[in-house]
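Asks: Right, I'll just put the structure down here and ask away after.
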Amino acid sequence: MHLTVDGAGVYAHTGGQPFDPAKPAAVFVHGAGLDHTVWALQTRYVAHHGFSVLAPDLPGHGRSGGKPLASVEAIADWIAALLDAAGAQRAALIGHSMGAAASLELAARRPQRVAKLALLGIAARLAVHPDLIAAAESDPDLAREMIVDWAHGARGRIGGNPAAGLWIANTARRLIDRAGANRVLAQDLKACGAWTGGAAAAAKLACPTLLILGAEDRMTLTKAGNELAGAIAGAQVDVLPDCGHMMMVEQPDMTLDLLKAFLGTR
Numbered sequence: 000m001h002l003t004v005d006g007a008g009v010y011a012h013t014g015g016q017p018f019d020p021a022k023p024a025a026v027f028v029h030g031a032g033l034d035h036t037v038w039a040l041q042t043r044y045v046a047h048h049g050f051s052v053l054a055p056d057l058p059g060h061g062r063s064g065g066k067p068l069a070s071v072e073a074i075a076d077w078i079a080a081l082l083d084a085a086g087a088q089r090a091a092l093i094g095h096s097m098g099a100a101a102s103l104e105l106a107a108r109r110p111q112r113v114a115k116l117a118l119l120g121i122a123a124r125l126a127v128h129p130d131l132i133a134a135a136e137s138d139p140d141l142a143r144e145m146i147v148d149w150a151h152g153a154r155g156r157i158g159g160n161p162a163a164g165l166w167i168a169n170t171a172r173r174l175i176d177r178a179g180a181n182r183v184l185a186q187d188l189k190a191c192g193a194w195t196g197g198a199a200a201a202a203k204l205a206c207p208t209l210l211i212l213g214a215e216d217r218m219t220l221t222k223a224g225n226e227l228a229g230a231i232a233g234a235q236v237d238v239l240p241d242c243g244h245m246m247m248v249e250q251p252d253m254t255l256d257l258l259k260a261f262l263g264t265r
């Protein structure tokens with residue numbers, strides 16, 4: 000699906016079904032240096048079970064035009080503008096990492112737009128080491144390898160894809176290569192590192208909230224995710240075993256099962 004948001008062309012995957020504003024909407028928001036393809040399994044199922052789906056490529060990512068946004072807060076505002084462009088008043092938001100932070104911000108600032116909130120690979124701060132940002136700016140190949148190593152659990156680094164013939168880590172390499180070549184990755188990492196509003200946003204949430212964490216996540220530690228959950232009234236927390244930061248591709252079936260139960264798909 001092609002939309003225009005803030006004057007730029009945007010591509011949003013709809014899970015193989017036309018987007019119908021009359022149905023409940025589910026918006027899947029990817030993380031730094033990635034695009035909509037990381038949600039391939041989850042979006043297709045949800046789109047065929049009662050929801051209209053939008054899985055956008057954020058500005059400057061994947062097939063979307065424009066420049067990468069400079070802050071998590073700006074991404075939150077952009078998601079609201081995306082809903083407007085699609086004709087959706089409210090949506091369930093499912094966000095990963097940077098996308099989770101932006102979804103959290105939107106739910107706190109505009110609660111009338113968010114029906115439910117699922118946060119994957121999240122903490123109150125998305126700490127980014129200055130050396131990684133420097134590598135993203137001057138040596139994208141090094142930055143790619145640093146991220147691929149740290150973003151995956153042991154299973155994901157050695158293979159581990161439930162789809163025969165596919166390699167989780169190498170798929171991530173190809174996505175990050177494109178983001179690094181376009182200098183999108185450096186901007187995303189700066190936005191993540193500058194975000195400080197997680198705890199304050201969590202305290203304002205009024206919608207049902209699910210946190211999906213990876214037991215082997217070295218980018219947003221499980222402990223930090225649990226601490227954030229403690230600040231959210233009524234939050235549900237699930238920790239996936241044998242899983243790092245990229246749970247929707249490392250443990251796609253477990254992630255989908257949790258989302259199915261949370262969203263109430265039919």
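Residue numbers (numbering that gives the first Met the number 0): 0 to 265. A virtual CB, placed ideally from N, CA and C, is assigned to each residue, including glycine.
1. Beta-carbon of VAL26 versus every beta-carbon of chain B: anything under 7 Å?
2. If you run the structure through DSSP and keep just helix, strand and coil, what is THR208?
3. In chain order, what residues of the same chain have a beta carbon less than 8 Å from the beta carbon of LYS189, not counting five sequence neighbours either side?
4. Taking DSSP as the reference, what is the three-state secondary structure of PRO20?
5. With a threshold of 8 Å on Cβ separation, who are the neighbours of GLU226 within its own chain once the five nearest residues in sequence on each side are excluded?
6. Determine the contact status of LEU141 and LEU116, defining contact as a CB-CB distance below 7 Å.
7. Put VAL127 into one of helix, strand or coil per three-state DSSP.
8. Kindly indicate which three-state DSSP category LEU184 falls into: helix, strand or coil?
9. Just mark THR42 as buried or exposed, buried being the case when its beta carbon has 16 or more other beta carbons within 10 Å.
10. With distance defined between alpha-carbon atoms, name the residue in GLU144, ASP148, LEU210 nearest to ASP176.
11. For SER102 and LEU204, what's the separation of their Cα atoms in angstroms?
12. Could you please give the first and the last residue of the uninterrupted alpha helix (DSSP H) stretch that includes SER102?
13. At the level of alpha carbons, what is the spacing between PHE50 and ARG217?
14. Quick test of the definition: if touching needs 3 or more C-beta pairs under 8 Å, does the stretch 50-62 touch the stretch 4-15?
15. Tell me the rounded alpha-carbon separation between ALA107 and LEU82.
16. Closest by CA to ILE146, which one among LEU40, MET247, PRO23, GLY32?
17. Thinking just about the alpha-carbon of each residue, which of ALA185, GLN111, ARG156 is nearest to the one in SER137?
18. Name the residue from ALA214, ALA46, ALA228, TRP77 whose alpha carbon lies nearest to the alpha carbon of GLY266.
19. Pull up the distance between the alpha-carbon of ALA84 and that of GLY196, whole angstroms please.
20. Are ALA79 and ARG109 closer than 7 Å when you measure CB to CB?
21. Start and end of the alpha helix (DSSP H) containing PRO251?
22. Could you pull the start and end residues of the beta strand (DSSP E) that LEU116 belongs to?
23. With DSSP as the reference, please indicate the residues paired to TYR10 in a beta bridge.
24. Helix, strand or coil for ALA193 per DSSP?
25. Given a cut-off of 7 Å, decide if PRO55 and VAL9 are closer than it, judged by their beta-carbon atoms.
26. Using the DSSP secondary-structure output, state which residues sit across from PHE27 in a beta bridge.
27. Starting from ALA228, trace the alpha helix (DSSP H) in both directions and tell me its first and last residue.
Replies: Working from what's here:
1. Here chain B cannot be found, since the structure has a single protein chain.
2. For the purposes of this step, residue 208 is taken as the residue at position 209 of the sequence shown. Three-state result, THR208: strand.
3. Looking up residue 189 in the sequence shown gives position 190. Cβ neighbours of LYS189 beyond the five flanking positions: ALA69, VAL127, ILE132.
4. Locating residue 20 in the sequence shown gives position 21, where the first residue counts as 1. Of the three classes helix, strand and coil, the one that applies to PRO20 here is coil, per DSSP.
5. Along the sequence shown, one-based indexing puts residue 226 at 227. Counting only Cβ-Cβ distances below 8 Å, and skipping sequence neighbours, we find ALA122, ALA123.
6. What you label residue 141 is simply residue 142 of the sequence shown in a count that begins at 1. What you label residue 116 is simply residue 117 of the sequence shown in a count that begins at 1. Going by C-beta atoms, LEU141 is not nearer than 7 Å to LEU116.
7. Reading the sequence shown from its first residue, position 128 is the one you call residue 127. Correct three-state label for VAL127: coil.
8. Residue 184 sits at position 185 when you count from the first residue of the sequence shown. Helix.
9. Stepping through the sequence shown from its first residue, residue 42 is reached at position 43. Result: buried.
10. As a position in the sequence shown, residue 176 is number 177, starting the count at 1. That would be GLU144, whose Cα lies nearest to the Cα of ASP176.
11. Taking the first residue of the sequence shown as 1, we reach residue 102 at position 103. Taking the first residue of the sequence shown as 1, we reach residue 204 at position 205. Rounded to the nearest angstrom, the two C-alpha atoms are 11 Å apart.
12. On the sequence shown, residue 102 is found 103 positions in, with the first residue counted as 1. It spans 97-108 - the alpha helix (DSSP H) in which SER102 sits, taken as one unbroken run.
13. Start at 1 with the first residue of the sequence shown, and residue 50 comes out as number 51. Start at 1 with the first residue of the sequence shown, and residue 217 comes out as number 218. If you take the alpha carbons of PHE50 and ARG217, they lie about 33 Å apart.
14. In short, these stretches touch, since the Cβ pair count reaches three.
15. Position 108 of the sequence shown holds residue 107. Position 83 of the sequence shown holds residue 82. When rounded, the distance between both Cα atoms is 16 Å.
16. If you number the sequence shown from 1, residue 146 lands on position 147. The shortest C-alpha separation from ILE146 is found at GLY32.
17. Translated into positions along the sequence shown, residue 137 becomes position 138. Per the Cα distances, ALA185.
18. The structure shown does not extend to residue 266, since the chain spans only 0 to 265, so no value can be given for it.
19. Residue mapping note: residue 84 aligns to position 85 of the sequence shown, counting from 1. Residue mapping note: residue 196 aligns to position 197 of the sequence shown, counting from 1. When only Cα atoms are considered, ALA84 and GLY196 end up about 27 Å apart.
20. One-based indexing of the sequence shown puts residue 79 at position 80. One-based indexing of the sequence shown puts residue 109 at position 110. With contacts defined by Cβ atoms closer than 7 Å, ALA79 and ARG109 form a contacting pair.
21. Within the sequence shown, residue 251 is the residue found at index 252, counting from 1. Segment 251-262, the alpha helix (DSSP H) holding PRO251.
22. For the purposes of this step, residue 116 is identified with residue 117 of the sequence shown, where counting begins at 1. Where LEU116 is concerned, the enclosing beta strand (DSSP E) stretches over 113-119.
23. Counting from 1 along the sequence shown, the entry for residue 10 is found at position 11. Answer by DSSP bridge pairing, in chain order: HIS1.
24. As a working mapping, residue 193 is identified with position 194 in the sequence shown. In the structure shown, ALA193 sits in a helix (DSSP, three-state: H, G or I).
25. Against the sequence shown, residue 9 aligns to sequence position 10. Against the sequence shown, residue 55 aligns to sequence position 56. For VAL9 and PRO55, yes; Cβs fall inside 7 Å.
26. Within the sequence shown, residue 27 is the residue found at index 28, counting from 1. Paired residue(s): ILE93.
27. Counted from its first residue, the sequence shown places residue 228 at position 229. 221-228 is the span of the alpha helix (DSSP H), which, as asked, contains ALA228.
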